[in-house]
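S.K.:
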Amino acid sequence: MKKFNFRKVLDGLTAASPVGSSGGGSGSGAGGGSVHPGGTAGAAGTPREEIQETLTSDYFQICKTVRHGFPYLPTALAFDPVQKILAIGTRTGAIRILGRPGVDCYCQHESGAAVLQLQFLINEGALVSACADDALHLWNLRQKRPAILHSLKFNRERITYCHLPFQSKWLYVGTERGNTHIVNIESFILSGYVIMWNKAIELSTKTHPGPVVHLSDSPRDEGKLLIGYENGTIVFWDLRSKRADLRAYYDEAIHSVAWHHEGKQFMCSHSDGSLTLWNLKSPNRPFQTTIPHGKVQRDGKKPESCKPILKVEYKTCKNSEPFVIFSGGLSYDKPCRRPSLTIMHGKAITVLEMDHPIVDFLTLCETPYPNEFQEPYAVVVLLEKDLIVVDLTQSNFPIFENPYPIDIHESPVTCTEYFADCPPDLIPVLYSVGAKHKKQGYSNKEWPISGGAWNLGAQTYPEIIITGHADGSVKFWDASAITLQMLYKLKTSKVFEKQKVGEGKATAEIVEEDPFAVQMMYWCPESRIFCVAGVSAYVIVYRFSKHEVNTEIASLEVRLQCEVEDIITPEPETNPPFPDASSQLPSLKSLSGSTNTVACEGTMKDSIPCLSVKARPVRMPPGYQADLVIQLVWVDGEPPQQITSLAVNSAYGLVAFGNCNGLAVVDFMQKTVLLSMGTLDLYGSSDPYQRQPRSPRKSRQFAAGLTELSDSPVSLELERCKSPTSDHVNGHCTSPTSQSCGSGKRLSSADVSRANRRGPGRPPFRKAQSAACMEISLPVTTEENRENSFSRSRSSSVSSIDRDSKEAITALFFMESFARKNDSAVSSCLWVGTGLGMVIILSLNLPASDDLRQSEPVLVSPSGTVLTLKGAVLTFACLDCMGTLTHRPYEVWRDPHSADDGDKARKRKLVMHSPSSSQDMGDHQFAVICSEKQAKVFSLPSQTCLYVHNITETSFLLRADVVTLCNSVCLACFCANGHIMTLSLPSLRPLLDINYLPVTDMRIARTFCFTNEGQALYLSSPTEIQRLTYSQEMCDNLQDMLGDLFTPVETPEAQNRGFLKGLFGGSGQAFDREELFGEATAGKASRSLAQHIPGSGGIEGVRGAAGGVIGDLTRARIALDERGQKLGELDERTASMMASAEAFSKHAHEVMLKYKDKKWYQF
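Numbering-wise, the sequence shown is residues 834 to 1996 according to my numbering.
(1) If I'm right that Ala1091 touches Phe1099 with Cβ under 8 Å, what's the distance once you round it to whole angstroms?
(2) Measure the alpha-carbon distance for Ile930 versus Gln885 and round it to whole angstroms.
(3) Helix, strand or coil for Ala2021? Go by DSSP, reduced to three states.
(4) Strictly by DSSP, which residues pair up with Asn1482?
(5) Kindly give me the distance between the Cβ atoms of Gln1318 and Pro1238, rounded to whole angstroms, as I take these residues to be in contact under 8 Å.
(6) Mapping DSSP to helix, strand and coil, what is Ala1091?
(7) Going by beta carbon distance, what residues of the same chain come within less than 6 Å of Glu1342, once the five residues before and after it are set aside?
(8) Short check: CB of Thr1477 to CB of Ile1299, under 8 Å?
(9) Under 7 Å: does the beta carbon of Asp1084 sit that close to some heavy atom of the ligand PLP?
(10) Hey, how far is the Cα of Ala947 from the Cα of Val961?
(11) Should the segment 988-1003 be called in touch with the segment 1011-1019, which here means at least 3 C-beta pairs below 8 Å?
(12) Grab me the residues of Ala1484's own chain with a C-beta within less than 6 Å of its C-beta, minus the 5 sequence neighbours each way, in chain order.
(13) Is it right to say Glu1404 is buried, meaning 16 or more other beta carbons lie within 10 angstroms of its own, or is it exposed?
(14) Am I right that Tyr1371 and Gln1464 are in contact with their C-beta atoms under 8 Å? What's the rounded C-beta distance?
(15) Between Gly1061 and Ala965, what straight-line distance do the alpha-carbon atoms span, to the nearest angstrom?
(16) Look up Arg2011 in the DSSP assignment and give the residues it is bridged to.
(17) Cβ atoms of Phe1879 and Arg975: under 8 Å apart, would you say?
(18) In three-state DSSP terms, what is Val1691?
(19) Taking just the CA atoms, how far does Leu888 sit from Thr1719?
(20) Is Gln1752 helix, strand or coil by DSSP?
(21) What residue range does the alpha helix (DSSP H) around Asn956 cover?
(22) Near His1242, what residues of its chain come up, given a Cβ to Cβ distance below 6 Å and the 5 sequence neighbours on each side ignored?
(23) For Glu1154 and His1178, what's the separation of their Cα atoms in angstroms?
(24) Kindly indicate the opening and closing residues of the beta strand (DSSP E) around Arg1376.
(25) How is Cys804 classed by DSSP in three states: helix, strand or coil?
(26) Would you give the residue range spanned by the alpha helix (DSSP H) that Tyr1516 belongs to?
(27) Does DSSP put Asn1031 in a helix, in a strand, or in coil?
(28) Who does Trp1287 pair with in a DSSP beta bridge?
(29) Is Asn1112 helix, strand or coil by DSSP?
(30) What ranges does the beta strand (DSSP E) occupy inside the segment 965-1015, keeping only unbroken runs of at least 3 residues that lie completely in it?
(31) Which of the three DSSP states is assigned to Ala1915 in this structure?
(32) Going by the CB atoms, is the gap between Gly1161 and Leu1143 shorter than 8 Å?
(33) Can you tell me whether Asp1500 is helix, strand or coil according to DSSP?
(34) The alpha helix (DSSP H) spanning Thr1840 covers which residue range?
(35) Sorted by chain position, which residues of the same chain lie with C-beta nearer than 6 Å to Phe1904's C-beta, five sequence neighbours on each side aside?
(36) Are the segment 1440-1456 and the segment 1320-1328 touching, with three or more C-beta to C-beta distances below 8 Å?
Next up, the structure:
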């Protein structure tokens, strides 16, 4: 499909245009123009004239950069022993190619069919893949982004096994029908030579032998092909005479076959857990049969059967016994045994138990030649969720330390954050504290997969990725220069007491599975303050220290459970009334909350946190150390709701967090709660909605958050549990009996219809088009439910079902700003965004001097300023009067446990605004606010709305971030319909709008995040992080940053070859495959059997011109270059032979002269 460039069109759109650039279907809605509510056009125009925006659409382009992590659902494995690179195929049609650290390439089959088998063209820079749609593909690896050169699609037969002999251009392909076809690798055309199953087996055989499960040429004679059929038939086929030399039969199904390097014996693995060793001289029966893990019967009978041995490898050593390595074959009487790899070396049998099922394994050997002593040195084992390499050179078989970031999914990822261009000292500091926790017992040898080449490239700024996990762990990764390396791991669950099995109901847990799951993270790189919000309604504040300490963990408990009767006036009920409301704290006014009582063994839970913080002193190693734990508590039998927004400021010493009930602000320096208030009370007299007067609860009948979206009582009952690892797309518990966050009883249909009636005071925002209604329609496979379920955190964390009766806090932002209209100077503020699109500014009154900060209280009060947007608020940012992004205030990091206890060490050093801005912040600033529907820019302190852009009408934003790019600033947005958009600041001109990635998976929505310098990432599968760039400059430089998969390496010389064999490259008997399989001898294959499909782009840089004359010329030029290279190599070999011949001639002449005049008797 022809691509059309919209850049110039987007550049032509100015903020004054009355209509947006595209309709709702593409993700942008009407209304890209400027609006001036509350101010005159002239007043609004003044700051607009001052700012020259430098970003245009030419600065933006979307492309994927690199994929990290373990290949999801692996199916196949291959290794090039000369290039030393590894390839892994997956069930989704992806191929990952790995070399030395930094060399990591991802490519994808367009069909998406599972990869059945991979075969390297050893030391040729090419790879053959066989897929489940019966297609063969040839990949060119001599370019940084591999591309398919040829494809061959079989139409009438299904591919089951492929084999490519070393240094051969003919690929053997076995099929489900039992036939063997031969494909020319260079042209990817089928040969007319076919080994039909009925010719291969005995004529007297009455049954079909089954699919081909093995193909290999004899190490002794390349003209002989060993064919293994599933039913136990083995055929040794003579390719020259086109007949079977011998046939062998076994009464158990064959799974794999392996040769002895001399070519006189081969070993088979079978479905009964047996290994059979066959000799070509006596094929009537195996000369050795063993069941390695079978119990020996007392009466001398055959050992009992075991599980199938799925694969066996038989590798010889010059100075020791051969290695026999196999997977499977364990006895049936131990059903709980883990998947195992067995290594038999002489009489020693070692069983290596694995954490996950074995997909495939390969033995790495010193030589690529199959007819030499193999000398195995390692085994690569591909597991369903891991990749390990075992060192065979040491008797205890240690594993190599894996340098790849393949343990991202060690516990399911629940949230991510990405920081580009962060302070340069952070990476070495984090690595130094993380390195102390390294495991011992690894092999001391170098990682054997060491192929390819990688250089640092032009990009030098430091990048850090943080991943939060379901088990409460947090991992910090060095992501600089498109690599990924683990720096440091923090276990947040260590601050809590371990829950004993069976105590779940007796305690106050609200999440049965993964109660420590990390839901949100907030990191200030400059001050190194780190904050985590967990799924069990807690917040932990961490400080960084290089010193180990032993101390108690400070903890606070916060009541945040409020309600208001603003839905309807309930009809009279016979239920007992709500207990005396005076038991609540006076400051905690009521907002609509969960209204179902949850009783536990007859006692109502009240003022109980969900988890227990350790009360004893705790040893904290260097790194991040818990400074304060804040927990929301149960209130009158109602569980605390999960946290939906989080912000920390080190300069102010405050942490703020909110949920669907209200907002809490905590002073983590003085360890006190400053504010704990329902959302309605934050408005004061500025409430934009006319709500009914608050009254005591008359009934606990209604579940919170009812809407026209659903009439199902069960779905309402289940709606409350929003664990990132729960079982439903929308964060619901799938079992109606499970303990949900705010439901305790089943609703009748009458209750639902009554609750769905709208009262006169309900807010006008009623379109249920936010996360919830999108989530309900998105498919999730049960296989991935733990990783896939989605709890919205940054946007409308509470679904639109909830937001009908609850106004969740969805965004928080600490800033030096103008709190009130017409303020003359900036002051410390907390900006609060809600699920109804309201923005409330709270004033923070901090002590005047730093000396009083530990003793004087901080006052938090509503300023009266309320701004409005359409949709839940996602993000805030502040620009100074010149349009430069203003950095939030921060405290310069100092070690809290430093040995120097002097006044200088204790005194805080604060940076109140960005160094890039002027000394005086100016008389005005710009506030950038983005909701899930629109973006607005306000001028402060006048609070004039200068610009508004309706981003989408038919969808909603999942993520929005204000980021820096090319020394300027823009707003980057990711929409639920898959669009990635960027808008200029402050004018909100559209700069980029590309339909990049349809959100078919809640994991993507939960983990997508933007950062500075045009970078972004998301979790593309439960085990992989996909990084991308929206910067044109980085797209242009990407080729220089990627690693090379192919590097020129000399193929090692074959050993033990005579002069003639070495000269002609033949085996004991010269075998010309070209003559045998070529069209001249074998003829053409049937056209209907397979269809040849030319590759989409095999030559780098010529993809656009591949179909034209330029493409042909370029291909011809590259072909000539390659031919010239081969001729050059031939020339070098010829010169070498001539030099050798001259030396021989000279030596012979000298001998002749020496003995020329001597008589025969003088010798």
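All C-beta atoms, glycine included, are put in the ideal place defined by N, C-alpha and C.
Being a predicted model, the structure only gives us computed values, none of them experimental.
M.R.: Considering the structure as presented:
(1) As a position in the sequence shown, residue 1091 is number 258, starting the count at 1. As a position in the sequence shown, residue 1099 is number 266, starting the count at 1. Indeed, because the Cβ distance is near 7 Å, the residues count as touching under 8 Å.
(2) Counting from one through the sequence shown, the residue named residue 930 turns up at place 97. Counting from one through the sequence shown, the residue named residue 885 turns up at place 52. Each residue's alpha carbon lies about 46 Å from the other.
(3) There is simply no residue 2021 to check, as the chain begins at 834 and stops at 1996 in what is shown.
(4) Position 649 of the sequence shown holds residue 1482. Paired residues: Leu1487.
(5) Here residue 1318 refers to the residue found at position 485 when the sequence shown is read from its first residue. Here residue 1238 refers to the residue found at position 405 when the sequence shown is read from its first residue. Gln1318 to Pro1238, Cβ: 7 Å. Contact.
(6) For the purposes of this step, residue 1091 is identified with residue 258 of the sequence shown, where counting begins at 1. Reduced to three states, the DSSP call for Ala1091 is strand.
(7) Position 509 of the sequence shown, counting from 1, holds the residue named residue 1342. Same-chain partners within the cutoff: Pro1348, Cys1443.
(8) Here residue 1477 corresponds to residue number 644 of the sequence shown, with the count starting at 1. Here residue 1299 corresponds to residue number 466 of the sequence shown, with the count starting at 1. For Thr1477 and Ile1299, no; Cβs fall outside 8 Å.
(9) The ligand PLP is not part of this structure, which contains no ligands at all.
(10) Within the sequence shown, residue 947 is the residue found at index 114, counting from 1. Within the sequence shown, residue 961 is the residue found at index 128, counting from 1. Approximately 14 Å between the Cα atoms of the pair.
(11) yes
(12) As a first step, residue 1484 must be located in the sequence shown, where it is residue number 651. Answer for Ala1484: Pro1722, Tyr1723, Glu1724, Leu1743, listed in chain order.
(13) In the sequence shown, residue 1404 corresponds to position 571, counting from 1. Low per-residue confidence applies at Glu1404: pLDDT is 40, beneath 50, and the placement is therefore not dependable, though the value from the model is reported in the following sentence. Label assigned to Glu1404: exposed.
(14) Against the sequence shown, residue 1371 aligns to sequence position 538. Against the sequence shown, residue 1464 aligns to sequence position 631. Going by Cβ atoms, the distance from Tyr1371 to Gln1464 rounds to 4 Å, so yes, they are a contact pair.
(15) As a working note, residue 1061 is residue 228 in the sequence shown. As a working note, residue 965 is residue 132 in the sequence shown. Here the alpha carbons of Ala965 and Gly1061 stand approximately 20 Å from one another.
(16) A question about residue 2011 goes unanswered here, because the residues of the chain that appear run from 834 up to 1996.
(17) Here residue 975 corresponds to residue number 142 of the sequence shown, with the count starting at 1. Here residue 1879 corresponds to residue number 1046 of the sequence shown, with the count starting at 1. Arg975 is a Cβ neighbour of Phe1879, given a cutoff of 8 Å.
(18) Working through the sequence shown from its first residue, we reach residue 1691 at position 858. Note: Val1691 maps to coil in three-state DSSP.
(19) As a working mapping, residue 1719 is identified with position 886 in the sequence shown. As a working mapping, residue 888 is identified with position 55 in the sequence shown. In a straight line, the C-alpha of Thr1719 is about 18 Å away from that of Leu888.
(20) The sequence position of residue 1752 within the sequence shown is 919, counting from 1. Residue placement at Gln1752 is poorly supported in this model, since its pLDDT is 45, which falls under 50; the coordinates are not used for a value here.
(21) Here the question's residue 956 lines up with position 123 in the sequence shown. First-last for Asn956: undefined, no H or E at that position.
(22) Sequence index remark: in the sequence shown, residue 1242 carries index 409 (1-based). Pro1855, Thr1856.
(23) Start at 1 with the first residue of the sequence shown, and residue 1154 comes out as number 321. Start at 1 with the first residue of the sequence shown, and residue 1178 comes out as number 345. Distance between the alpha carbons of Glu1154 and His1178: 6 Å.
(24) By one-based count along the sequence shown, residue 1376 stands at place 543. Residues 1371-1378.
(25) Only positions 834 to 1996 of the chain appear in this structure, which leaves residue 804 out of reach.
(26) Within the sequence shown, the letter at position 683 stands for residue 1516. Here the alpha helix (DSSP H) through Tyr1516 covers 1512-1516.
(27) Start at 1 with the first residue of the sequence shown, and residue 1031 comes out as number 198. Here Asn1031 sits in helix by DSSP.
(28) As a first step, residue 1287 must be located in the sequence shown, where it is residue number 454. Within the DSSP secondary-structure output, Trp1287 pairs in no beta bridge.
(29) Translated into positions along the sequence shown, residue 1112 becomes position 279. In the structure shown, Asn1112 sits in a strand (DSSP, three-state: E or B).
(30) 968-973, 980-987, 992-996, 1003-1008
(31) On the sequence shown, residue 1915 is found 1082 positions in, with the first residue counted as 1. In the structure shown, Ala1915 sits in a helix (DSSP, three-state: H, G or I).
(32) By 1-based counting over the sequence shown, the position of residue 1143 is 310. By 1-based counting over the sequence shown, the position of residue 1161 is 328. Yes.
(33) Stepping through the sequence shown from its first residue, residue 1500 is reached at position 667. Asp1500 falls in the strand class under three-state DSSP.
(34) Here residue 1840 refers to the residue found at position 1007 when the sequence shown is read from its first residue. Taken as a continuous stretch (DSSP letters only), the alpha helix (DSSP H) holding Thr1840 covers 1835-1840.
(35) Residue numbering aside, residue 1904 sits at position 1071 when the sequence shown is read from its first letter. Excluding residues within five positions, the ones whose Cβ falls inside 6 Å are Glu1055, Gly1056.
(36) yes
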